[in-house]
Amino acid sequence: MPFLYRSTCTALILAYPLLAFAEAPDETLDDVLVTGERLSTSSEGTQRYTVPASRSAVGLSLTPRETPQSTSVITRQQIDDRAAQSGGDVLAQVPGVSPSRADSNRISYAARGFSIRSVQFDGLSIPLSGFWNFGDIDWDAAIYDRVEVVRGATGLLTGAGEPSASVNFIRKRPLSEAAASVSAGLGRWDRRRVTADVSVPLSSDGTTGARFVVAKDQNDSFISHLEDDHETLYGVISSELTPATQLTVGVEYQHNETLGAGASVPAFYADGSRTEFDRSASNNTDWSTFYNETTRVFADLSHQLDNGWTLRAAVSHNDGNYGLEYLYRGGFPDRETGLGMSSSFLNYRGNRTQQTVNVTAEGDFSLFGRQHELGFGWMHNEDDFEIKLATPVGTPPSVGSYFNWRDSVVAKPQWGQFNSSDNMQVTQSGGFMVSRFSLSDPLNLILGARLSDWELDQTYYGSERQYRYSNEITPYAGIIYDINDYASVYASYTEIFQSQNARREDGSLLDPIQGRSYELGAKATLLNGHLDSSIALFRTEQNGVAEAIPGVDVIGQPGTSAHRSVDGNQVNGVEVELIGEVASGWNLSASYTLANAESSDGERTNTTHPRQQVKLFTTYQLPGAWSGLTLGGGARWQSDIWRNTSSPNGQVKVGQDAYAVADLMARYRFNDQLSAQLNINNVFDKDYYEQIGFYSQYWLGESRSAVMSINWDW
Numbered sequence: 003m004p005f006l007y008r009s010t011c012t013a014l015i016l017a018y019p020l021l022a023f024a025e026a027p028d029e030t031l032d033d034v035l036v037t038g039e040r041l042s043t044s045s046e047g048t049q050r051y052t053v054p055a056s057r058s059a060v061g062l063s064l065t066p067r068e069t070p071q072s073t074s075v076i077t078r079q080q081i082d083d084r085a086a087q088s089g090g091d092v093l094a095q096v097p098g099v100s101p102s103r104a105d106s107n108r109i110s111y112a113a114r115g116f117s118i119r120s121v122q123f124d125g126l127s128i129p130l131s132g133f134w135n136f137g138d139i140d141w142d143a144a145i146y147d148r149v150e151v152v153r154g155a156t157g158l159l160t161g162a163g164e165p166s167a168s169v170n171f172i173r174k175r176p177l178s179e180a181a182a183s184v185s186a187g188l189g190r191w192d193r194r195r196v197t198a199d200v201s202v203p204l205s206s207d208g209t210t211g212a213r214f215v216v217a218k219d220q221n222d223s224f225i226s227h228l229e230d231d232h233e234t235l236y237g238v239i240s241s242e243l244t245p246a247t248q249l250t251v252g253v254e255y256q257h258n259e260t261l262g263a264g265a266s267v268p269a270f271y272a273d274g275s276r277t278e279f280d281r282s283a284s285n286n287t288d289w290s291t292f293y294n295e296t297t298r299v300f301a302d303l304s305h306q307l308d309n310g311w312t313l314r315a316a317v318s319h320n321d322g323n324y325g326l327e328y329l330y331r332g333g334f335p336d337r338e339t340g341l342g343m344s345s346s347f348l349n350y351r352g353n354r355t356q357q358t359v360n361v362t363a364e365g366d367f368s369l370f371g372r373q374h375e376l377g378f379g380w381m382h383n384e385d386d387f388e389i390k391l392a393t394p395v396g397t398p399p400s401v402g403s404y405f406n407w408r409d410s411v412v413a414k415p416q417w418g419q420f421n422s423s424d425n426m427q428v429t430q431s432g433g434f435m436v437s438r439f440s441l442s443d444p445l446n447l448i449l450g451a452r453l454s455d456w457e458l459d460q461t462y463y464g465s466e467r468q469y470r471y472s473n474e475i476t477p478y479a480g481i482i483y484d485i486n487d488y489a490s491v492y493a494s495y496t497e498i499f500q501s502q503n504a505r506r507e508d509g510s511l512l513d514p515i516q517g518r519s520y521e522l523g524a525k526a527t528l529l530n531g532h533l534d535s536s537i538a539l540f541r542t543e544q545n546g547v548a549e550a551i552p553g554v555d556v557i558g559q560p561g562t563s564a565h566r567s568v569d570g571n572q573v574n575g576v577e578v579e580l581i582g583e584v585a586s587g588w589n590l591s592a593s594y595t596l597a598n599a600e601s602s603d604g605e606r607t608n609t610t611h612p613r614q615q616v617k618l619f620t621t622y623q624l625p626g627a628w629s630g631l632t633l634g635g636g637a638r639w640q641s642d643i644w645r646n647t648s649s650p651n652g653q654v655k656v657g658q659d660a661y662a663v664a665d666l667m668a669r670y671r672f673n674d675q676l677s678a679q680l681n682i683n684n685v686f687d688k689d690y691y692e693q694i695g696f697y698s699q700y701w702l703g704e705s706r707s708a709v710m711s712i713n714w715d716w
């Protein structure tokens, strides 16, 4: 409770000037006028870091102040200013989100002390791969208008998962007028990138339009043998079938391949001393390969009834092919010879199919003389994938000395036949209902619930698993009080559930893990709607986590441990965000996050993610004769991370102290069509571990790099 007390006091102290400032808006910026029942949320062309509304929290169109949870939006302008090229680059900008790298391609993300288990595309949820992660977030950012993030438990719309965050990638749509842009960039380590984006009307009245985006990205790396090759194709057509009916259909194709892929670098020599290799050190071979190829087809139909209600039906079908062919070297090399590391030659091939259907309805209704909002819907998702494994025929090649990594002398083996290692089908369905009640002019109450069914059928290396959860109820509650036209305070309680493969002594399946989020916060819209500010105090917890009962097996299954449900991790924290236009031409994104994760017995958990993070980025367009020049920069700071890992001398603690990395950008617009932009990352060439201790290895963060791009718009 002392932490909660101190955090509450801090939140109130910080919130007071924020709310006071909101009472007297600055008149130096033009007003943002919002009219009509539906707010336009497209961020393209606005040159802003904010959007007026979002549906990602509860499915209703709510402004940031109307949403009783911490939300963030990475707009198209932010993506362009930071030269973000992948979904992972975008997530790295989000307040409170932190990455954890396993190897060259497999990166997972966490928020509020828990892993992000699913993402959304235009509001349609798909689960991430977890262990079989072949670059789940490695999508090209060129096709997205913005990315919306809601932190905490988000089970109302996403179904199963952890109380971390929901991430909604919103794709670009056809523009109202013909437009096109071409961009070409060059950077350090032979980076080459070309994109083309064309939007054309297909009817004279502008009711039908098409858009096409192409992106090609190739680059080497500061790590020896590592090369990336990315290709993206995207096409979408949108048409107003009637004045009240709109249909959008599209297809997205992404192919990503990494040569020289592989694991991290050994952290210890065989004598137990720490290694100190330079940044180019590699645990890879030039024939090692990661690849993923994904095709997504989607359709979205919406219709507005005469009474103002909106009906929507959306479907998507994803086909994926994945591959991983590499050498994993583990263990510890001899300090003098580099010999002694173990080796595993692995060749995985996978296929994955995902199908998602969403049907929703929303609108206003009258009750007790006041207008309220109601939304409800049904969602269904099927995720089916199979992973096959081939191992070498005969004796595998010798890996020799690790010190020969510069020459990549390890031969590629002859592979045997592929055999199924993991075949899994996950099906999830759920219906939800949510309502926003206007209790009085300043007071609104949001109540909702979801009823979910979840099932899994899996054959994992010959072992069959099957479990199901039915009629799981996920409640949602939030209350918002408007202090004035610019500021509000709120409280919310949200839930989410996570499946677990553990059984009681009698053989029955344990109930799913329950994730809960409690949040108190204040939000204000400053400077006549140009600047959004928020502060939140939160507590997130998991209950019903499986714990093995020592010495007790499941009846009739010798060797299978029986489990019981116990309280899991809990996270207490504070989030502060300030984002938008501070003055004419000056955009700012600033955030601070504290997430103190502890186990039920008070021990710190989630130590591979920082407890504290600060993220700052700003740009300023010079006035007058220098109005073509925009200068920007930022920094990201995080507190220490660590883990206990194996060494030749037993378990040891390894970690990375707190550090900061700075970035710079500059853009010059020669005229309305032509501009050039320079981005420099890690300006001061800071050395740091991006990951340390995973399988007794480490991965160094990227050294200083620069990218220069030329952009032509018309």
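Numbering-wise (the working numbering), the sequence shown opens with residue 3 and increments by one. Just so you know, even glycine gets a beta-carbon here, dropped at the ideal spot from N, CA and C.
So, with DSSP's three-state summary, where would you put residue i?
i: Leu445; result: strand
i: Asn571; result: strand
i: Trp588; result: strand
i: Asp717; result: This structure cannot speak to residue 717, because the chain is shown only from 3 to 716.
i: Trp628; result: helix
i: Gln615; result: strand
i: Asp642; result: coil
i: Asn406; result: helix
i: Ser705; result: coil
i: Pro203; result: strand
i: Asn486; result: coil
i: Asn545; result: strand
i: Asn530; result: helix
i: Pro66; result: helix
i: Ile712; result: strand
i: Ile498; result: strand
Could you give the distance in angstroms between the alpha-carbon of residue i and the alpha-carbon of residue j?
i: Gly89; j: Trp141; result: 5 Å
i: Leu376; j: Val216; result: 39 Å
i: Leu6; j: Asn574; result: With a pLDDT of 38 at Leu6, under the threshold of 50, the modelled position of that residue is not reliable, and the figure given next carries that caveat. When rounded, the distance between both Cα atoms is 7 Å.
i: Ser519; j: Asp513; result: 19 Å
i: Pro394; j: Val412; result: 14 Å
i: Leu445; j: Gly371; result: 15 Å
i: Arg190; j: Arg671; result: 23 Å
i: Ser698; j: Phe270; result: 7 Å
i: Val288; j: Tyr690; result: According to the sequence provided, residue 288 is Asp. The question's Val does not apply to it. Taking the straight line from one Cα to the other gives about 25 Å.
i: Leu159; j: Val584; result: 33 Å
i: Val654; j: Ile109; result: 24 Å
i: Arg173; j: Gly342; result: 49 Å
i: Ala526; j: Leu458; result: 44 Å
i: Asp2; j: Glu384; result: Only positions 3 to 716 of the chain appear in the structure, and residue 2 is not among them; the question remains open.
i: Gln623; j: Ser591; result: 15 Å
i: Ser440; j: Phe434; result: 20 Å
i: Phe499; j: Val428; result: 15 Å
Leaving out five residues before and five after residue i in sequence, what residues of the same chain have Cβ atoms less than 8 Å from its Cβ?
i: Ser563; result: Ala550, Ile551, Val554, Asp555, Val556
i: Tyr263; result: In the sequence as displayed, the identity of residue 263 is Ala instead of Tyr. Closer than 8 Å at the Cβ level, and outside the excluded window around Ala263, lie Asp105, Ser106, Asn107, Leu228, Asn286, Ser290, Thr291, Phe292, Leu326, Tyr328.
i: Lys390; result: Tyr350, Arg351, Gly352, Phe420, Asn421, Ser422, Ser423
Can you name, in chain order, every residue of its own chain whose Cβ lies under 7 Å from the Cβ of residue i, other than the five neighbours on each side?
i: Ala59; result: Thr69, Gln71, Thr73, Val152
i: Phe367; result: His374, Leu376
i: Met3; result: Here Met3 scores only 40 on pLDDT, less than 50, and its place in the model should not be relied on; the value that follows carries that caveat. None.
i: Arg119; result: Pro129, Leu130, Gly163, Glu164
i: Asp715; result: Ser183, Gln675
i: Pro335; result: Pro268, Tyr271, Ala272, Leu341, Gly342, Met343, Tyr404
i: Ala180; result: Ser201, Val202, Pro203
Could you tell me the boundaries of the beta strand (DSSP E) in which residue i lies?
i: Val663; result: 661-671
i: Thr160; result: From DSSP, Thr160 is part of no beta strand (DSSP E) but of the alpha helix (DSSP H) over 157-160.
First and last residue of the alpha helix (DSSP H) that includes residue i?
i: Val92; result: 89-93
i: Ile81; result: 78-83
For residue i, which residues of its own chain have a beta-carbon under 6 Å away from its beta-carbon, when the five flanking residues on both sides are left out?
i: Ala186; result: Val196, Ile712
i: Thr250; result: Ser240, Asp302
i: Ser593; result: Pro97, Glu579, Lys617
i: Arg706; result: Asn684, Asp687
Should residue i be flagged as near chain B, meaning a C-beta pair shorter than 9 Å?
i: Ala489; result: Checking the listed chains, one finds no chain B in this structure; it contains a single protein chain.
Is any heavy atom of the ligand ZN found at a distance shorter than 8 Å from the C-beta of residue i?
i: Asp288; result: Judged by which ligands are present, the structure shown has none, so any question about the ligand ZN falls away.
Which full runs of the beta strand (DSSP E) of 3+ residues lie inside the segment 163-246, going along the chain? As summarised for the segment 163-246, the continuous beta strand (DSSP E) elements at least 3 residues long and confined to that stretch are 167-173, 181-189, 193-203, 210-221, 229-244, given in chain order.
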